[in-house]
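Reading through the structure tokens given below for one structure.
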Amino acid sequence: MSKFNENVFKATNLTVQKREKLFRGHDLDSLRENAQAKRAMSLENADVLWKISAEQFQENGITVFFADTAASANKFISEKMGDAKLIVKGKSLTTEEMELRQFLEKEEREVVETDLGEWIIQQRKELPSHFTAPAIHLSAGDVAQMVNRKFGENLPADAHALTAFARRHLREKFRNADAGIIGANAICAKPATVLSVSNEGNVSLSSRLPEKLFIVTGWDRIYDSVEGIEGVQRLLSASATAQEYTSYVDFFRKPLPHQQVFLIVLDNGRKALMESVFSDGARCIRCGACLNICPVYEEVGGHTFGKVYHGGIGALLTEFTGNDRDASAIASYCLRCKTCEPACPMGIPIADLLARLSESHSLPFYLSLPLRMLGRRVGAMRGRQKDQGIGDSPPSSGTHHSSPITHHSSRSVAVFIGCMFRNPLMKRERKGIESTVARFFPDAQILDSGCCGMPHFYKGQLSAAVERLEIIEKMIEPFETVLLPCSSGFAYLRERFGDKIELMSMAMVEKLEKVDSISPVYYHQPCHLKTGPGTKEKAALNQVITFSSWENENRCCGSGGTYFVQHPFVSRKILSRKEPGMDGKFTIVTSCPSCLLQLRRVFGRGRVAHSVSYMLQSATK
Amino acid sequence: MATEWHQALQSQLDDFIEKLKDRFQRQSISIVESLGFVPGAGAFVSIGSRSDAEELFLSEVVIILCRNQLETYEASLAGEFSQACFVSAESKTADIEKKLVSGVHGPKECIFVEVQ
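See below:
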């Protein structure tokens, strides 16, 4: 594992742990619902709110400029800068999007990033690798090496010593700067107030000491009132840095006596995002909580996973503020594991939005080729006459247990087997399911009609997914309960058809007695069971299986359906996090067939079992 | 930022600082008055000039006098001001390996003094 990976991995995990600790005991759901509602309401009224606030800012002496594009924003700032030579700048993703620093540097101005992380990466001529922690990928050793080489120092790899050096170096820049540039986290319309948060105090200094202040913000940063901001603000600091409050929240209503203040409001695709089917994505507050928890991000960091905006949400933001080629590339790295969604304080359905986004994009050739090849292989293995490939329509009704759509049964339980159990590598597990049905659910009808449509949905083949759902809806209509042995299919169909969809392993529990195993049994939680009723699977299975504790049970295995084909190296890196400390004889139990196949790649066939087969086997003994 | 109230408290503050002088030795200290404070959260300080900002952010230790207790954070924004800052802690960073370091740009220590 490279040092780079370890830096990102350690940092993101630490933040997640701190955040979980901070949220413990709080009614997080209500906090989020409240903040989301306020944010959504403000966004709906953005036009009116900007009009109100702009008028008031102008009356207060602040010049407001609405920029349609990054280029027009840069041009305006350049003109108003006049002969300013030294500029101190706070961290701002919007200005990164505009490439403002680079633009001003071309005019031979010295632009100094003052956020410590930003300053470090500026010296290294790199881009930020995280929304809120731009130098997260670097070690103290990397920073010491840069400072010693560039500034002729001899500092140790110690965060205190390095920070003290930056303090001395930047203090003079603050004192002598001609202009300051900061970002804004929020604009309150009534009363017109700019709000900017920081921990370091660099925003406070960049904005108050120079004679000219440029505040750059996005069109989507508007809020109707202080009350609207407060809830969001608290969630921002808690989600971003696991703090109840950041050290400083700066407010601006009028210029100070020595100042000229300009407020630049950038559209650059934000209005289009807000008006599109992706409008949920406009609620993003750039806290980076989704990145800290993302199994891909913690392995590859921001530079692989996006330029300015990283991760799944980054693909969406890049689509509107950048270009669709970059957005496609970022989206291809997303596992669609949905791990990010419970972490998002704004409740953005990131995976679902990416599915829609993928619908409008064709994958680059180098990524689509392996998928198509795999599709052909799977198609061939399924014995289908026509080589349909993975991206084509889902298979129609299956073989020996087929249930024609027109068939109506009086029986109230059905078992929807799902396409993964048609895979020859899952032959034993399929047999286990059939035996389980025969023994414990003898009246149930087996629906062996292939795919639930989830792979189509997350690959962006929405019409195929909808078509599949329509077929399934008719198919399951006569039944009170539909059991699924596949956890991914369960999570997907449960979200769409409600309580009648149940996880087969959980339904089995009441029919079995507890069986103790001689060797340890570990539980692997599939990512799709990290939200909703599936979160209770382990507790339910615990009534039958005594699980040993495993630190990595909730960690993603990197399978993601066909992800291991699309990004084999990333997938393998994620998988390797499951391994440490695993030795001797043990069994890992999971309900996800895709996870099962992936886990077998490192642990071997004999050590990984499907929950249904494992419980049947234990009961048979 | 001097006010009559501020001056009246000066002697008490001198005593307070005297007690802590070992900690403050060789460090620059500033004392600022807040518009209000939210217990457990922080204090709201008005910034009306460049020198106000220098006092609040350029010293090594800042003492914030807190007199008016506010119920909520929003209440602190109800009043009139040109610019302001809600301060909840000292200047800090965790940008290098997530190690918390105080005093990255502003004060290394921030002391809230509740005046009853």
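As they're listed, the protein sequences go chains A and B.
Residue numbering for the first sequence follows the numbering used here, beginning at 2 and increasing consecutively.
Residue numbering for the second sequence follows the numbering used here, beginning at 1337 and increasing consecutively.
Quick reminder that beta carbons are idealized off the backbone N, C-alpha and C, glycines included.
With residue i as the anchor, note down where its beta strand (DSSP E) starts and where it stops.
i	result
A/Glu-580	Counting along the chain, A/Glu-580 falls outside any beta strand (DSSP E), and DSSP gives it neither H nor E.
A/Val-113	111 to 114
A/Ile-188	187 to 191
B/Ser-1382	1378 to 1383
A/Lys-90	87 to 90
A/Leu-504	502 to 504
Tell me the DSSP bridge mates of residue i?
i	result
A/Leu-214	A/Gly-181, A/Val-262
A/Gln-244	A/Gln-244 pairs with nothing; no bridge assigned.
A/Asp-251	A/Ser-197, B/Cys-1421
A/Val-414	A/Thr-482
A/Val-590	A/Tyr-524, A/Ala-610
B/Gln-1405	B/Phe-1373
A/Gly-219	A/Leu-267
B/Cys-1446	B/Val-1398
A/Ile-351	Partner(s): none; A/Ile-351 has no beta bridge.
A/Lys-107	In the DSSP output, where bridge partners are listed per residue, A/Lys-107 has none listed.
B/Ser-1366	B/Val-1398
A/Ile-447	A/Val-416
B/Thr-1429	B/Val-1437
A/Ile-546	A/Val-516
Reducing DSSP to helix, strand and coil, say where residue i ends up.
i	result
A/His-568	coil
A/Gln-526	coil
B/Phe-1422	strand
A/Gly-62	coil
A/His-611	strand
A/Asp-225	strand
A/Ala-68	strand
A/Gly-302	helix
B/Ser-1438	strand
A/Ile-78	helix
A/Ile-121	helix
A/Thr-96	helix
I want to see whether chain B comes within less than 7 Å of residue i, judged by CB atoms only; does it?
i	result
A/Ser-93	no
A/Phe-252	yes
A/Glu-201	yes
A/Ser-31	no
A/Gly-376	Confidence is the limiting factor: at A/Gly-376 the pLDDT is only 47, short of 50, which leaves the residue's position unreliable, though a coordinate-based value still follows. Closer than 7 Å: no.
A/Val-278	no
A/Tyr-524	no
A/Gly-21	The question names Gly, but residue 21 of chain A is Glu in the sequence shown. No, its Cβ sits nowhere closer than 7 Å to a Cβ of chain B.
A/Ala-344	no
A/Ala-160	yes
A/Arg-373	Confidence is the limiting factor: at A/Arg-373 the pLDDT is only 48, short of 50, which leaves the residue's position unreliable, though a coordinate-based value still follows. Taking Cβ atoms only, chain B never reaches closer than 7 Å to A/Arg-373, which makes this a no.
Does the beta carbon of residue i sit closer than 7 Å to a beta carbon anywhere in chain A?
i	result
B/Asp-1431	yes
B/Glu-1410	yes
B/Phe-1352	no
B/Val-1440	yes
B/Ala-1521	The requested residue 1521 of chain B is not part of the displayed model; chain B covers only 1337 to 1452.
B/Gly-1415	no
B/Cys-1421	yes
B/Val-1437	yes
B/Ser-1347	no
Assuming residue i is part of the alpha helix (DSSP H), what are its boundary residues?
i	result
A/Leu-513	A/Leu-513 -> no alpha helix (DSSP H), and no H or E assigned at all.
A/Ala-332	325 to 334
A/Leu-1	What the structure shows of chain A is the stretch from 2 to 622, and residue 1 of chain A is not part of that stretch, so it cannot be assessed.
A/Val-472	Note on identity: in this sequence residue 472 of chain A is Ile, with Val being the wrong assignment. Run containing A/Ile-472: 463 to 477, per the alpha helix (DSSP H) assignment.
A/His-27	It is not in any alpha helix (DSSP H) - A/His-27 carries neither H nor E in the DSSP assignment.
A/Val-438	428 to 441
Do residue i and residue j have their C-beta atoms within less than 7 Å of each other?
i	j	result
A/Ala-344	A/Cys-291	yes
B/His-1441	A/Glu-212	no
A/Ile-472	A/Asp-449	no
A/Tyr-459	A/Ala-332	no
A/Phe-67	A/Leu-264	no
A/Thr-482	A/Glu-496	no
A/Ser-197	A/Asp-251	yes
A/Ser-240	A/Tyr-246	no
A/Pro-486	A/Val-613	yes
A/Leu-267	A/Ala-55	no
A/Asp-281	A/Ile-223	no
A/Arg-271	A/Leu-94	no
B/Phe-1393	A/Leu-274	no
A/Lys-90	A/Ile-188	no
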